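Colleague:
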Amino acid sequence: MAISQSSRVTPLQEVSTRVVDYLLTRQRANQASMRPPPGLLYKLNIDGAWAKATGIGGMSIVIKDAKGMFIAGMAKEIPFMRSSQMVEAIALREGL
1 MAISQSSRVT PLQEVSTRVV DYLLTRQRAN QASMRPPPGL LYKLNIDGAW
51 AKATGIGGMS IVIKDAKGMF IAGMAKEIPF MRSSQMVEAI ALREGL
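In this text, residue positions in the sequence shown follow full-length UniProt numbering: the first is 1, and each later residue adds one.
This is the structure in structure tokens:
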């Protein structure tokens with residue numbers, strides 16, 4: 001039985017190269033969209049995620065100055081969450 005071109009198995013090295021290219025492209029896109037705050041202000045970035053199956057959330061906080069330099073940050077797991085919005089609200093409170 002002949003193997004058709006459409007059922008070809010992609011070599012691991014090729015998959016790895018594609019993943020790295022994709023991640024580098026996303027990283028450049030994210031860096032380009034980051035704008036530092038004006039003057040002497042700080043910028044607070046937060047993110048939260050939630051796994052419905054376990055009720056566990058995770059949050060991250062990053063604070064940067066007007067030059068885009070890292071000032072502070074943290075990441076934390078939060079148990080007993082009911083939604084991603086709850087996790088993000090807690091991240092905002094913690095960041096402030």
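All C-beta atoms in this analysis are idealised placements derived from N, C-alpha and C, irrespective of residue type, glycine included.
Quantities reported herein were computed from a predicted structural model and do not represent experimental measurements.
If we ignore side chains and look at the alpha-carbon of each, how far apart do L44 and I61 end up?
Modeller: 7 Å
Colleague: Buried or exposed: M69, going by 16 or more other Cβ atoms within 10 Å of its Cβ?
Modeller: exposed
Colleague: From what residue to what residue does the beta strand (DSSP E) around A91 run?
Modeller: Here A91 belongs to no beta strand (DSSP E); instead the alpha helix (DSSP H) covers 84–95.
Colleague: Does DSSP put L41 in a helix, a strand or coil?
Modeller: coil
Colleague: Pick from V15, A91, R35: whose alpha carbon is nearest that of I78?
Modeller: A91
Colleague: Taking DSSP as the reference, what is the three-state secondary structure of M1?
Modeller: A caution first: M1 carries a pLDDT of 49, below 50, which makes its placement in the model too unreliable to give a value.
Colleague: Which residues in the same chain as G39 place their Cβ atom closer than 8 Å to its Cβ, once the five residues preceding and following it in sequence are excluded?
Modeller: A66
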